[in-house]
Structures are given as C-alpha cells and as structure tokens.
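Asker: Residue numbers (UniProt numbering): 1 to 277. Can you read through this structure? Questions will come right after.
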Amino acid sequence: MALDCVAAIKAHHSSACAGDAEAVHQIRVAITRLRAAVAFFEPIVVDTEWLRLKKEIAWLNGPLGAARDSDVLVAYARRKRYRAWAQRMIGEQLDQRQMRDHRLLVRALRSVRTQHLISAMAGWIRRGPWLARWQRRKDTEALQIYCARELDRWHGRLVHKGRRLKTLGASRRHRLRIKFKRFRYMLEALTETVSLWGHRELRHLHRPAKRLQRALGDLRDLKRFADLAGDGPQAKKDKAKKPPGYRRRKEKLLGACLASHREIATPLAGSILQNSI
C-alpha cells in the first residue's frame with residue numbers, strides 16, 4: 001500500500017505541474033492513504049525518520065491543499081445553479097486565486113525538496129528502521145489479529161465522535177471527516193492484503209463511511225464557497241450573500257451525514273466489529 005502511494009505521487013507529478021486538477025487530487029489522495037497506513041500501524045512503523053518525513057509531507061500538503069481547494073471552489077462557481085450568483089458576488093477573484101495557488105504548487109512540486117521527499121519516502125518504506133521492529137513483532141501477534149483489533153478501535157472511536165455530528169463546528173467536522181476518510185482507505189487496503197471479512201461486511205462499513213466522508217466534504221466546500229461572498233465586490237450592496245438553495249442543500253448534506261453515521265454505528269451480526277477481539 002505504502003509503495004503504491006509513492007508510485008501514485010510520481011505518476012501524477014507531471015500532470016499536476018501542468019495544472020491538471022484531477023492529478024492534484026490524486027496526489028492528495030495518495031498522501032492521505034500513506035498517512036492512514038502509518039497511523040493504523042503506528043506502534044510498528046513510527047520512528048524518527050517518519051517524524052522527519054511527516055514534517056516534509058505537511059509542508060507539501062500546504063500548496064497541494066490550497067490548489068485543490070481553489071479547484072473545487074472554481075468548479076462550484078461554474079455550476080449552472082451558482083454561475084450568476086458567483087459572477088455577481090465573487091467576480092474574478094476566484095480565478096485569480098486559482099492561478100496563484102497552482103503557480104505556488106508547481107514551484108513546490110518541481111523543487112529539489114519535493115524530489116528528496118519522494119526518494120526518502122520510498123527509501124523509508126523499503127529499508128527504514130521500522131523494519132527491524134516489525135521483524136521482532138511479527139511472530140508474537142498475527143497480522144490478522146492486529147488489524148481486526150485496530151479496525152474495531154477506529155470504528156468505536158468514529159461511532160462515538162460521530163454522535164455529536166449535528167452540533168460540531170466546522171473545524172471539528174473537518175477533523176472527523178479526515179478520520180472517516182482514513183478508516184475508509186484502510187478498509188479498502190486491508191481487504192486486498194488481509195482476509196478479515198466477507199464482501200457483505202465490507203460493503204456494510206465501506207459504503208456509508210465513503211458517503212459520510214463525501215457529504216462532510218461537500219458541507220465544507222459549500223460553506224467555503226458561500227463565505228467567498230464576504231470578500232466579493234457586491235458584499236455590502238447585495239443582501240443575498242448565500243448561494244441559491246444554500247440552506248436546503250446544507251440540511252440535505254447534514255441529513256446524509258447523520259443517516260450514514262447511523263448505518264456505520266450498527267455492525268452486522270457476527271461481524272468482527274461486533275465481536276471484537
């Protein structure tokens with residue numbers, strides 16, 4: 001999984017430098033998958049080298065995140081439903097911001113620092129200090145047992161935190177979204193490498209986790225899009241500061257989040273997440 005993430009970063013590097021929004025997104029996905037794997041296997045893999053790499057990844061994630069956010073907001077502004085509102089309330093500032101963010105991203109991606117980071121990540125995965133720890137540990141506990149226990153722990157934490165979803169502020173909702181995204185990515189990765197459950201249980205957990213993560217992301221994007229009007233040329237003149245259908249869309253997305261959380265909180269009878277190890 002980890003080497004696949006590095007390979008994805010390399011594969012999409014050139015396209016991202018050329019301004020391809022999907023390539024930028026895929027690099028972000030690869031980095032999130034890598035960080036999810038490290039968090040899941042933290043007792044085994046985290047060492048001093050990873051702590052250094054983590055800081056470098058955070059540095060690269062800065063311009064990657066800014067460019068991705070700009071791409072998403074521009075896509076919102078171009079939707080037929082929001083086009084007239086965006087032109088009136090936001091003007092050209094969004095396109096200018098997108099150009100600036102992509103310019104900064106290209107500079108970061110083409111830097112020696114990023115090239116060193118990609119090489120260092122591959123080296124750490126293949127021959128990092130964590131391997132010796134894994135060699136000492138792998139005979140004492142089966143991988144299947146460890147993965148089942150960690151999934152149970154992650155699942156329980158998400159169910160608990162998600163109970164307050166309706167009243168969470170934007171920043172806490174965003175952090176919860178990241179946790180659900182990591183849970184989803186580990187479900188996908190482990191079914192390819194460790195035989196933990198059948199396809200029925202996977203669908204029961206994966207589908208609502210994916211829906212919840214995406215709905216939380218849409219909520220965040222919608223709010224950020226609406227907030228752009230506060231800095232726009234018509235902010236003081238036009239009372240219709242929110243995009244058309246904003247409240248209804250927000251309520252629908254929040255309802256989707258709550259429904260998905262209820263589904264995740266009810267594991268299948270006899271599943272590994274009901275009979276925890």
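Just so you know, even glycine gets a beta-carbon here, dropped at the ideal spot from N, CA and C.
(1) Answer yes or no: do Ala108 and Thr114 have a C-beta to C-beta separation smaller than 8 Å?
(2) Mark Trp124 as exposed unless 16 or more other C-beta atoms lie within 10 angstroms of its C-beta, in which case mark it buried.
(3) Can you give, in chain order, each stretch of the beta strand (DSSP E) that sits fully within the stretch 22-89 and has at least 3 residues?
(4) Identify, in the order they occur along the chain, each residue of the same chain with its Cβ nearer than 8 Å to the Cβ of Ile264, setting aside the five sequence neighbours on each side.
(5) Under 8 Å between the Cβ atoms of Lys250 and Leu222?
(6) So which of Ala21, Arg28, Gly19, Phe183 has the shortest CA-CA distance to Ile9?
(7) Using CA coordinates, which residue listed in Leu131, Asp20, Gly230, Leu216 is at the minimum distance from Phe41?
(8) Looking at the unbroken alpha helix (DSSP H) that takes in Met99, where does it start and where does it end?
(9) Secondary structure at Leu228, three-state DSSP: helix, strand or coil?
(10) Reducing DSSP to helix, strand and coil, say where Ala18 ends up.
(11) With a CB to CB cut of under 6 Å and the five nearest residues on each side skipped, what residues in its chain are close to Val106?
(12) Quick one: using the 10 Å Cβ neighbour count with 16 as the cut-off for buried, is Gln135 buried or exposed?
(13) Could you compute how far the alpha carbon of Ser70 sits from the alpha carbon of Arg175?
(14) Could you check what DSSP says for Cys257 in three-state terms: helix, strand or coil?
(15) Anyone know if the C-beta pair for Leu216 and Arg177 falls short of 8 Å?
(16) Once you ignore the five residues that flank Arg83 on each side, which residues in its own chain have a CB closer than 8 Å to its CB?
(17) Within the continuous alpha helix (DSSP H) that includes Thr167, where are the two ends?
(18) According to the Cβ coordinates, are Leu165 and Leu258 closer than 8 Å?
(19) Could you tell me whether any Cβ in chain C is nearer than 8 Å to the Cβ of Tyr246?
(20) If contacts are defined as beta-carbon pairs under 8 Å, then Leu253 and Leu219 qualify, I think. What distance do you get, rounded to the angstrom?
(21) Please go through the same chain and pick out, in chain order, the residues whose beta-carbon is closer than 7 Å to the beta-carbon of His25, but skip the five residues on each side of it.
(22) What do you reckon, are the CB atoms on Leu104 and Leu228 nearer than 8 Å?
(23) Quick one: residues in its chain with C-beta nearer than 7 Å to the C-beta of Ala30, no 5 flanking neighbours on either side, listed in chain order?
(24) Using only CA atoms, which one of Leu60, Arg247, Ile44, Ala36 lies nearest to Gly128?
(25) Where Arg133 and Ala58 are concerned, what is the direct C-alpha to C-alpha distance, given to the nearest angstrom?
Answerer: For this structure:
(1) yes
(2) buried
(3) none
(4) His155, Leu158, Val159, Gly162, Leu205, Pro208, Ala209, Leu212
(5) yes
(6) Arg28
(7) Leu131
(8) Segment 93-109, the alpha helix (DSSP H) holding Met99.
(9) Leu228 falls in the helix class under three-state DSSP.
(10) coil
(11) Cys17
(12) Per the 10 Å Cβ criterion, exposed.
(13) 20 Å
(14) helix
(15) Yes, the pair counts as a contact, with Cβ atoms nearer than the cut-off.
(16) Excluding sequence neighbours, Arg83 sits near Ala77.
(17) That residue, Thr167, is in no alpha helix (DSSP H); it is neither H nor E in DSSP.
(18) The criterion of a C-beta distance shorter than 8 Å is satisfied by Leu165 and Leu258.
(19) In the structure shown, chain C cannot be found, because there is only a single protein chain.
(20) 5 Å
(21) In its chain, beyond the 5 residues on either side, Arg68 have a beta carbon closer than 7 Å to the beta carbon of His25.
(22) No. Outside cutoff.
(23) Cys5, Ala8, Ile9
(24) Ile44
(25) Near 25 Å, if we compare the C-alpha coordinates of Ala58 and Arg133.
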